[in-house]
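Now the structure itself:
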């Protein structure tokens, strides 16, 4: 038990890192769901594509990239990746969701699953073609590590190490969340977005271009998802085309946890889920005296999802919706 | 053009002509399967005769008897010509297993409109039910000499596997059916993954499933001292189960339960207002769908004599879903066609094309079409969703004549 307590700082650091990723990906789910009431199954794949695009850019920059200062390279790649995945998201919407806006709910879900499979296989194909293996290990821009001396604060804690990459990841994701929050709540386009989420028809009567707003939502959600994908690749070094699915599922869990359609809720849900998952992975076997090991961490995340959906489907911060006839 | 239309018209009206043409087609395709060495095209044509049969205007009785003769006599005979009989039969057996599962999922997705993305879990439950008790695993588990059970136990286990899968369907359904629509899809997806991970790790604290290594030495079915070991022998087991399943589903479709499912699919609130118990009706869909999958799980483990968790990944669930969607949600002939097309595509056509390509233009391995499964499924899903959401063979709802219904005295309560 004392081990659990003393390792807590490291668990917290790792949990917040993972949680920040979940949070940003969850934003993409929650924004789209807020507007279209559609689970954009392909969003996890957009994240994965972002990881590959970013890593690909980094690898292809080669000598030119190493001449630039690392932070410029980072920003350059982030912007490019965000742009490309944003366009990808818009394309997906136009191709697979827009024709189905009036179809029964089951149908867009099916095309979303289809898109997600197409992306997985295309990325696998390209990666395998270029590098010979679909599992890609990228170079990292920042090698540094930092030790936070938690032990000097409270004696029983162990020190936590934190990579420079992790700091960057947390910093950028927090910045993204802040900017998005301001965008949605303070700008004209954000107001339009909220209006469309509330009532598409009335919004269109108020001279809001609904299609444009939906496209923009997909662009933003996919852009920040893709950029986070690159940060993920930097943080964990190894990526494969199948990382998006499970991660997307967990990010969706985070969105549901925070109340789907609720942007701040998604951020909180992501962080909470990340910490819970890392805590479970580190301590499940100690807590259950070896019956369940860390291999059950995914089960743990799904169990949270199922429990939330059953007992509090509106999430921690969502409003419960009455069904209209 | 006009003459062709006339010809078609005549063909549609003239049943005798249809019958003779069909016979001719069957004769030709089966002869070519028999005499040609491993020709996929011929085999596909032979299977295609079943589709042709579906579109003829013959009476139901004749259709069923021709189908039976085709399946039980002609196909096994025609494939016995060359050395590749077991290959053909292997494909046929797997296709049969998939058809049964797709019909099960069709109850859940097509009739009741509940999107289940973790359907393979029930297949896994069936496979493990037989796998544990018919392999040495049970002996170590229960410290008893009566295990492993002999091959004769296969037959009751088809039922037991189905029942246990149905039980899990209900257990999953009770909490899960409180969520709706797309949430349900996510929850079932999570459930499917949970089952796989649990089977993968249930070798400790008590070794129940033998973890990632899987269960081996599973007994083969035995009947009066005869052991079923070859694919061509399993073929008959699968055909028998499949017939029961198809007849069962057809009876269900227009039963009171089937109509309740469709009512729920169309409008839950209206259905409830008409007095349909929502939870109970949905649970029936889950349980019955799961039981088909569980039964085929038993067959699967007995045929392979081995099960491990890697056979039950998400892609399997999606494969079955693609079959249902492609064929047409809620349409029984459609789903059978969809399942047959997808499994033959997976098992034969893709490998054939790969072989052909590697022999002729020496493509790199990454390009090989067998690896493109996900891409193909994805494209099928998107295209069907956008252009043909009702699938290849659209489901027909039974039409009632209002006049006749009004004249009828109300008999069933």
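Chains as they are written, first to last, in our numbering: chain A, 174 to 498; chain B, 556 to 968. The C-beta atom is built at its ideal place from N, Cα and C for all residues, glycine as well.
Could you name the residues of chain B that residue i contacts, counting a contact when the two beta carbons are closer than 7 Å?
i                     : result
residue 284 (chain A) : 936, 937, 940, 941
residue 276 (chain A) : 944
residue 471 (chain A) : 748, 752
When you compare only the Cα positions, how much space is there between residue i and residue j?
i                     : j                     : result
residue 774 (chain B) : residue 853 (chain B) : 11 Å
residue 394 (chain A) : residue 668 (chain B) : 29 Å
residue 729 (chain B) : residue 445 (chain A) : 28 Å
residue 707 (chain B) : residue 783 (chain B) : 10 Å
residue 600 (chain B) : residue 615 (chain B) : 22 Å
residue 763 (chain B) : residue 755 (chain B) : 10 Å
residue 385 (chain A) : residue 739 (chain B) : 30 Å
residue 202 (chain A) : residue 679 (chain B) : 31 Å
residue 881 (chain B) : residue 367 (chain A) : 37 Å
residue 863 (chain B) : residue 817 (chain B) : 36 Å
residue 747 (chain B) : residue 841 (chain B) : 14 Å
residue 713 (chain B) : residue 790 (chain B) : 15 Å
residue 314 (chain A) : residue 381 (chain A) : 43 Å
residue 435 (chain A) : residue 358 (chain A) : 12 Å
residue 596 (chain B) : residue 858 (chain B) : 26 Å
residue 224 (chain A) : residue 489 (chain A) : 30 Å
residue 899 (chain B) : residue 926 (chain B) : 15 Å
residue 809 (chain B) : residue 297 (chain A) : 45 Å
residue 621 (chain B) : residue 572 (chain B) : 15 Å
residue 282 (chain A) : residue 836 (chain B) : 23 Å
residue 868 (chain B) : residue 645 (chain B) : 21 Å
For residue i, write down the residues that DSSP places opposite it in a beta bridge.
i                     : result
residue 310 (chain A) : A:411
residue 750 (chain B) : Per DSSP, none; premise fails for residue 750 (chain B).
residue 590 (chain B) : None, per the DSSP bridge assignment.
residue 759 (chain B) : DSSP lists no partner for residue 759 (chain B).
residue 320 (chain A) : A:334
residue 913 (chain B) : Its beta-bridge partners do not exist; DSSP assigns none.
residue 731 (chain B) : DSSP lists no partner for residue 731 (chain B).
residue 782 (chain B) : B:777
residue 862 (chain B) : B:770
For residue i, which residues from the same chain have a beta carbon less than 7 Å from its beta carbon, with the 5 sequence-adjacent residues on both sides left out?
i                     : result
residue 286 (chain A) : 214
residue 968 (chain B) : Reliability of the predicted coordinates at residue 968 (chain B) is poor, the pLDDT of 44 falling under 50, and no value is obtained from them.
residue 469 (chain A) : 457
residue 607 (chain B) : 577, 580
residue 705 (chain B) : 774, 777
residue 345 (chain A) : 404
Anything in chain A within Cβ reach of residue i, meaning under 8 Å, just list it in chain order.
i                     : result
residue 829 (chain B) : In chain order: nothing, as chain A lies at least about 14 Å away.
residue 880 (chain B) : 283
residue 683 (chain B) : Neighbours of residue 683 (chain B) on chain A: none; closest Cβ ~17 Å, over 8 Å.
residue 873 (chain B) : 286, 290
Got a sec, what are the start and stop residues for the alpha helix (DSSP H) residue i sits in?
i                     : result
residue 767 (chain B) : Careful: residue 767 (chain B) lies outside any alpha helix (DSSP H) and carries neither H nor E.
residue 244 (chain A) : 243–265
residue 182 (chain A) : 181–209
residue 817 (chain B) : 811–821
residue 366 (chain A) : 361–371
residue 302 (chain A) : 279–304
residue 270 (chain A) : Note, residue 270 (chain A): premise wrong, no alpha helix (DSSP H); not H, not E.
Over what stretch of residues does the beta strand (DSSP E) that includes residue i continue unbroken?
i                     : result
residue 773 (chain B) : From DSSP, residue 773 (chain B) is part of no beta strand (DSSP E); its letter is neither H nor E.
residue 126 (chain A) : As displayed, chain A neither begins before 174 nor continues past 498, which places residue 126 (chain A) out of reach and without an answer.
If I measure Cβ to Cβ from residue i and keep anything under 8 Å in the same chain, skipping five residues before and after, which residues do I get?
i                     : result
residue 320 (chain A) : 332, 333, 334, 335
residue 362 (chain A) : 356, 386, 389
Taking residue i as the query, report the chain A residues whose CB atoms sit under 9 Å from its CB, ordered along the chain.
i                     : result
residue 711 (chain B) : Within chain A, no residue comes near residue 711 (chain B); the closest Cβ sits about 32 Å away, beyond 9 Å.
residue 742 (chain B) : 475, 478, 479, 482, 483
Which chain B residues sit within Cβ distance under 9 Å of residue i?
i                     : result
residue 269 (chain A) : 937, 940, 941
residue 291 (chain A) : 929, 930, 932, 933, 934, 936, 937
residue 449 (chain A) : Chain B residues near residue 449 (chain A): none, gap ~15 Å exceeds 9 Å.
Show which residues of chain B have a CB atom less than 8 Å away from the CB atom of residue i.
i                     : result
residue 381 (chain A) : The premise fails here: residue 381 (chain A) is roughly 25 Å from chain B at the closest Cβ pair, so nothing lies under 8 Å.
residue 124 (chain A) : Only positions 174 to 498 of chain A appear in the structure, and residue 124 (chain A) is not among them; the question remains open.
residue 217 (chain A) : Going along chain B, no residue has its Cβ under 8 Å from residue 217 (chain A), so there is no contact; the nearest lies around 12 Å.
residue 468 (chain A) : 752, 755, 756
Could you name the residues of the same chain whose beta carbon sits closer than 6 Å to that of residue i, not counting the 5 residues immediately before and after it, in chain order?
i                     : result
residue 878 (chain B) : 657, 893, 894, 897
residue 581 (chain B) : 604
residue 682 (chain B) : 852, 855, 856, 862
residue 447 (chain A) : 188, 191, 192, 195
Using a threshold of 8 Å, is the CB atom of residue i nearer than that to any non-hydrogen atom of the ligand ADP?
i                     : result
residue 690 (chain B) : Of the ligands one can find in the structure shown there are none, so the ligand ADP has no counterpart to examine.
Kindly list, in the order they appear in chain A, the residues whose Cβ is closer than 7 Å to that of residue i.
i                     : result
residue 670 (chain B) : 279, 282
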